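One line per chain: the protein sequences are A and B, in this order. Heads up: the first sequence begins at 1 in full-length UniProt numbering, then just goes up one per residue. Heads up: the second sequence begins at 1 in full-length UniProt numbering, then just goes up one per residue. Heads up, the beta-carbon is just placed ideally off N, CA and C, and yes, glycines get one too. Only a predicted model underlies this, so the values are computations on that prediction, with no experimental measurement involved. Take a look at the structure below.
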Amino acid sequence: MSTTTPEPTTAVGKAADWADTRMGASKLVREFGRKIFPSHWSFMLGEVSLYSFIIVVLTGTYLTFFFYPAMGELHYDGPYVPLQGVEMSQAYQSTLYISFELRGGLLIRQMHHWGALLFVAAVSIHMLRVFFTGAFRRPRELNWLVGVGLLALSWAAGFTGYSLPDDLLSGNGLRIIDGIIKAIPLVGTYISFFLFGGEFPGIDIISRLYTLHIMIIPAAIIALIAIHLIFVVVHKHTQWPQAGNTERNVVGEPVLPTFAAKGGGFFFLVFALIAGLSAFFQINPVWNYGPYDPSPVSAGTQPDWYIGWADGILRIAPGWMEFYIFGWPISMNILVAVIIMVGVLVGMAVWPFFEAWVAKDNREHHVLDRPRNAPTRTAVGVAFVVWYLVMWAGASGDLIAVFFHMSLNDMIYIFRFLFFFGPIIAYIVTKRICLGLQRKDREVALHGRETGRILRLPHGEFIEVHEPLDPHSAWRLVAFDSPEYVPAQADENGKISTAEKWRGRFSKFFFEDRVAPLSKAELEAAHAHNEGHGHHLDSEGNDQDGQGRPLPH
Amino acid sequence: MSSKEHTVTSDELDVNGHTNPGLPEHKPRLTDTYPEIERRFERQVAGWFVLSMLGTVLFIVSFIAIEPGESYDLMRLSNTLLGLGATLALLGIGVGAIVWAKNLMNDHEVTESRHDIHGSEEDRAIAVEIIKQAKEESGIARRPLIRNTLIAALALAPLPAVIVFRELGPLPGDKLFNTLWDQGVRLAIDTGGIPENPRLLRAEDVTIGSVVHVIPENIHDGDHALDEKAKAAVLLMKIDPDELNEDPERADWSYDGIVAYSKICTHVGCPVALYEHQTHHLLCPCHQSTFDVTDHCKVIFGPAKRPLPQLPITVDSEGYLVAQSDFPDPVGPTFWEINTR
């Protein structure tokens, strides 16, 4: 192969030449080495998701070397005395072996569980960040859909893994899943028998969940993560609105060396966090629960946190929601949990397209919205978070009632009330807060920052000194996207279609209450006004007029 | 870096008529200005990396020194020391790298321009040309017979992949309607798991106010004992007959104030394990469905709809409690075919 570059002489040079002539490594380094990533703490949430997933894959792979995903019965003869002689499945027995006899086994097991909890949490919070900042807008709608898929897969990965040790707690969780499946009209009973290989619990479910948990679901997650990251490269990262950041640039740190050092270091920090949690905080002590037995159950049990909202719905929904049509049962008291979970995923998936349609906004957005500058979206998001938290807390209704010495029934009534009214209250309050913050931004941009310094003028008037913002700080207060209410528009035939009427209604809902961003003219007028009064102070605190001359006293 | 600087026209930067003032002036850090502070950070970073090495050593030493299987306490100690070692080993590298990056590496912000995501006009034209050429060379548009049969074949081909899943399990049949309980089957005490020799229960063993967890004596008769237990688990309670509010039709389903109800919640199947002696309520610990034992376990609160099915019981000639029949109603969660027999 002919090359015009001089022959390498150093060892590093030779190695680099070897790699380049086989992989085209220099092109990769050129392409990615100085790629720019904006730096902000909120952008680390996606990194936490990725890193905790890697850690879960590493620890999970180790666990597969020792775990037996089988439900054959045997009698325990290991070192944990309380369970000696007890009949249990191979899955549960091997989990006890990992926990008690394998050196480092309990640590790895706990890291796997803590890592999984952190993974789902990080994915969830990362999606909230993306939602509240409008990062899902064009051109990133597809990547948002990939994210919705990853969220659903993270639940599936968590739940299939949670059930594997075949302990009493997870077995009851599986039984609840069986009850939910049986509630599905027409096909529920069949799905249940196919999933469990016959009646619950059967002897197949652990090995089937195992295949899903260690192969199908992780493979799907890895594939979606790959697509997710390729999209990040194609789109380049979004950035916060601040001076110097535009829709046509990206400002931040180059991959080599700064971002790689920070990101790589952060991977180790997440790893250390999970290791530290696993060293000092016990998670899922299956030996306390005993092997699965369909008859006993312990009170005050909690599912892993991400299943909590589904469990909460099952507790909040009243029994009369189950009804019969010609004798065929429609168990809405149970199905409502499925409907809400699927509905939330569908709602998330369509949101970017819905919002773009309502706002008639087909532009690319690379500069993020500050949440206050999209008051309706932010209010809808907070309403959803409150709704989710009500359902989630519902799964702890019994514990909360005991803790506060309340009636359990009253607790459920409170949750039923909050299920409907919590989100409405949250919506109204959040929207008012956003509009208020926008007005404050406007005020600050117009008149400057309140310094808290009270000045008495020669004629006796007291004023508070306002310090004008420098243009860099003022920029993000005045330069933001603010869609306006666009009423339903007639098409070329002069007709207003039904869809357009609906768009108009939604547009009114979204954008009628609006604090307009400051125009340049308003800002200049305000500055002129301030100059007229001349109530600015220079850095030494001397009273100045607009031109920096001391004021005549 | 300056070569990457995107020259932006001012109208691209304008938002709401305001002109973007551009990046603020870079402020040097202490490490940029004072060499002694720079050296201090250098030592600090190295210190973190040394801490990491110590953590690794701690992990290896604990791994060799402690055999966790000996006792519960040793297991906990092993976990704590291994975890501490791993935490320090990872934390040292992580903090060291970040302190290094934040304080010693270049912190000038770099600007890169964004490019159009879509291809150029030329790219698009060539792409369209390639697709056209493929269409032409394959003749897929000109040969509808081939195209349509291919579509039909592709649509049908996945069906075998669906149909093989029929083998995942047997059809439900009448399994959800039957349990091991039958006429004359004796009640045995549920001592946990599947007992080898179930202990039987006499009527006089049950005192007023007591609650007994019960399984059928023939629990080993089914294919899988756990499957049978999952359907047949029963709660037995003895209540002062004056407090029982029995339906005349079911008056002979109880014996001397002893009533037996399915322990499997009619909501989603958790064991209804909590009995309140004062109120005679059964409470499901999973979702708080509450059943009134004195009123044939009707639902008085919570998400369940159907009452817990009652097992008709009596005593046999030897004084043992026995079932009169199977449960007249299906046990466990509601399912689609529940009213079909």
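Can Val99(B) and Phe49(B) be called in contact, C-beta distance under 8 Å?
Here residue 99(B) corresponds to residue number 99 of the second sequence, with the count starting at 1. Here residue 49(B) corresponds to residue number 49 of the second sequence, with the count starting at 1. Against a cut-off of 8 Å, the Cβ pair of Phe49(B) and Val99(B) comes out as no contact.
His267(B) CB to nearest chain A CB: under 8 Å?
On the second sequence, residue 267(B) is found 267 positions in, with the first residue counted as 1. Yes, its Cβ sits closer than 8 Å to a Cβ of chain A.
Please work out which residues of its chain come closer than 6 Å, Cβ to Cβ, to Trp309(A), disregarding the five sequence neighbours upstream and downstream, and give them in chain order.
Counting from one through the first sequence, the residue named residue 309(A) turns up at place 309. So the list reads Tyr388, Met391, Trp392, once near-sequence residues are dropped.
For Gln239(A), which beta-bridge partners are listed by DSSP?
Here residue 239(A) is taken as the residue at index 239 of the first sequence, counted from 1. Answer is Val367(A), bridged to Gln239(A).
By the three-class DSSP mapping on this structure, what secondary structure does Asp167(A) have?
For this step, residue 167(A) is matched to residue 167 along the first sequence. In the structure shown, Asp167(A) sits in a strand (DSSP, three-state: E or B).
Under a three-way DSSP split, which group does Ser78(B) fall into?
Within the second sequence, the letter at position 78 stands for residue 78(B). Helix.
State whether the stretch 46 to 64 of chain B contacts the stretch 19 to 38 of chain B, with contact taken as three or more CB pairs (one from each stretch) at a distance under 8 Å.
Touching, no.
Under 8 Å, with one C-beta from each stretch per pair, do the stretch 105 to 122 of chain A and the stretch 153 to 173 of chain A reach the 3-pair mark?
With a cut-off of 8 Å, the stretch 153 to 173 of chain A and the stretch 105 to 122 of chain A count as touching, because enough Cβ pairs lie within range.
Using a Cβ-based criterion (distance less than 7 Å to any ligand heavy atom), does Gly394(A) qualify as near the ligand HEM?
The ligand content of the structure shown is nil, which means the ligand HEM is not present either.
Under DSSP, the beta strand (DSSP E) around Trp462(A) begins and ends at which residues?
Residue 462(A) sits at position 462 when you count from the first residue of the first sequence. It is worth fixing the name first, because residue 462(A) is Phe in this sequence and not Trp. First-last of the beta strand (DSSP E) with Phe462(A): 462 to 467.
Along the chain, where does the alpha helix (DSSP H) that runs through Trp18(A) open and close?
Position 18 of the first sequence, counting from 1, holds the residue named residue 18(A). Trp18(A) -> alpha helix (DSSP H) spans 11 to 23.
Since Thr56(B) meets chain A, which of its residues come closer than 8 Å, beta carbon to beta carbon?
In the second sequence, counting from the first residue as 1, residue 56(B) sits at position 56. By Cβ distance, chain A contributes nothing, its closest Cβ being about 12 Å from Thr56(B), past 8 Å.
Report the rounded CA-to-CA distance for Glu540(A) versus Val255(A), giving the unit in angstroms.
Within the first sequence, numbered from 1, the residue matching residue 540(A) stands at position 540. Within the first sequence, numbered from 1, the residue matching residue 255(A) stands at position 255. Any reading at Glu540(A) must be qualified, since the residue scores a pLDDT of 44, below 50, and its modelled position is unreliable; the value itself is stated next. So the two alpha carbons sit approximately 42 Å from each other.
Going by beta carbon distance, what residues of the same chain come within less than 8 Å of Ile140(B), once the five residues before and after it are set aside?
Within the second sequence, the letter at position 140 stands for residue 140(B). If we look at Ile140(B) and ignore the five residues flanking it on each side, its Cβ neighbours are Ile146, Arg147.
Going by CA-CA distance only, name the one from Pro285(B), Ser210(B), Glu217(B) that's closest to Gln278(B).
Counting from 1 along the second sequence, the entry for residue 278(B) is found at position 278. Ranking the options by Cα distance to Gln278(B), first place goes to Ser210(B).
Go ahead and label Gly532(A) buried or exposed: buried means 16 or more other beta carbons lie within 10 angstroms of its beta carbon, across all protein chains shown.
Here residue 532(A) refers to the residue found at position 532 when the first sequence is read from its first residue. Bear in mind that the predicted position of Gly532(A) carries a pLDDT of just 49, short of 50, making it too unreliable to give a figure here.
Does any CB atom of chain A fall closer than 8 Å to the CB of Asp227(B)?
Within the second sequence, residue 227(B) is the residue found at index 227, counting from 1. Chain A, which has a Cβ nearer than 8 Å to the Cβ of Asp227(B), makes this yes.
State yes or no: is the beta carbon of Met105(B) nearer than 8 Å to at least one beta carbon in chain A?
As a working mapping, residue 105(B) is identified with position 105 in the second sequence. Cβ-Cβ to chain A under 8 Å: yes for Met105(B).
Please report the distance separating the alpha-carbon of Cys270(B) from that of Ile264(B).
For the purposes of this step, residue 270(B) is identified with residue 270 of the second sequence, where counting begins at 1. For the purposes of this step, residue 264(B) is identified with residue 264 of the second sequence, where counting begins at 1. Roughly 6 Å between the two C-alpha positions.
Determine the closest residue to residue 579(A) out of His447(A), Tyr306(A), Pro82(A), Gln242(A), with distance taken between C-alpha atoms.
The question about residue 579(A) has no answer here: the residues shown for chain A are numbered 1 through 553.
How would you call Ala135(A), buried or exposed, if buried means at least 16 neighbouring beta carbons within 10 angstroms?
The residue given as residue 135(A) occupies position 135 in the first sequence. The residue in question, Ala135(A), is buried, as its Cβ has 16 or more Cβ neighbours within 10 Å.
Could you list which residues in chain A have their beta carbon closer than 7 Å to that of Asn79(B), in chain order?
To locate residue 79(B), count along the second sequence from 1; it is residue 79. In chain order: Leu106, Leu107, Ala279.
Considering only DSSP beta bridges, list what Asn218(B) is partnered with.
One-based indexing of the second sequence puts residue 218(B) at position 218. DSSP lists no partner for Asn218(B).
Would you please state the rounded distance, in angstroms, between the beta carbons of Gly169(B) and Phe193(A)? I believe it to be under 8 Å.
By 1-based counting over the second sequence, the position of residue 169(B) is 169. By 1-based counting over the first sequence, the position of residue 193(A) is 193. That belief holds up - the Cβ atoms of Gly169(B) and Phe193(A) are roughly 4 Å apart, short of 8 Å.
I'd like the ranges of any alpha helix (DSSP H) spanning at least 4 consecutive residues and lying wholly in the stretch 216 to 263 of chain A.
As far as the stretch 216 to 263 of chain A is concerned, its whole alpha helix (DSSP H) runs of at least 4 residues are 217 to 235.
Count the other CB atoms, across all protein chains shown, that sit within 10 Å of the CB of Leu28(A); report buried if there are 16 or more and exposed otherwise.
Numbered from 1 along the first sequence, position 28 holds the residue referred to as residue 28(A). Result: exposed.
Tell me, to the nearest whole angstrom, how far the beta carbon of His280(B) is from that of Thr290(B); I am working on the premise that it is less than 8 Å.
Here residue 280(B) refers to the residue found at position 280 of the second sequence. Here residue 290(B) refers to the residue found at position 290 of the second sequence. About 11 Å; that fails the 8 Å criterion.
For Val72(B) versus Tyr80(A), is the C-beta spacing smaller than 8 Å?
Start at 1 with the first residue of the second sequence, and residue 72(B) comes out as number 72. Start at 1 with the first residue of the first sequence, and residue 80(A) comes out as number 80. The sequence shown places Tyr at residue 72(B), not Val. Their beta carbons are under 8 Å apart, which means Tyr72(B) touches Tyr80(A) by this criterion.
Buried or exposed for Pro165(A), going by 16 or more other Cβ atoms inside 10 Å?
For this step, residue 165(A) is matched to residue 165 along the first sequence. Under this definition Pro165(A) is a buried residue.
Mind listing which residues of the stretch 179 to 200 of chain B have their C-beta closer than 9 Å to chain D's C-betas, in chain order?
Chain labels in this structure do not include chain D; the protein chains are A and B.
Quick one: grab the DSSP three-state call for Lys135(B).
Walking along the second sequence from the start, residue 135(B) turns up at place 135. Lys135(B): helix per DSSP, three-state reduction.
Looking at chain A, is there any beta carbon in it that lies within less than 8 Å of the beta carbon of Gly22(B)?
If you number the second sequence from 1, residue 22(B) lands on position 22. Yes, Gly22(B) lies at the interface with chain A (some Cβ there is under 8 Å from its Cβ).
Which residues bound the alpha helix (DSSP H) around Ile301(B)?
Here residue 301(B) refers to the residue found at position 301 when the second sequence is read from its first residue. The residue you asked about is not Ile; residue 301(B) is Phe in the sequence shown. Here Phe301(B) belongs to no alpha helix (DSSP H); instead the beta strand (DSSP E) covers 298 to 301.
Terminal residues of the continuous beta strand (DSSP E) containing Tyr427(A)?
On the first sequence, residue 427(A) is found 427 positions in, with the first residue counted as 1. Looking at the DSSP string, Tyr427(A) is not in any beta strand (DSSP E); the run it does join, the alpha helix (DSSP H), is 408 to 447.
Check the Cβ of Leu269(A) against every Cβ in chain B and list those closer than 8 Å, keeping chain order.
What you label residue 269(A) is simply residue 269 of the first sequence in a count that begins at 1. By Cβ distance, chain B contributes Leu90, Leu91, Gly94, Val95, Ile98.
Run through chain B and tell me which residues come within less than 8 Å of Tyr190(A), C-beta to C-beta.
Locating residue 190(A) in the first sequence gives position 190, where the first residue counts as 1. By Cβ distance, chain B contributes Leu171, Pro172.
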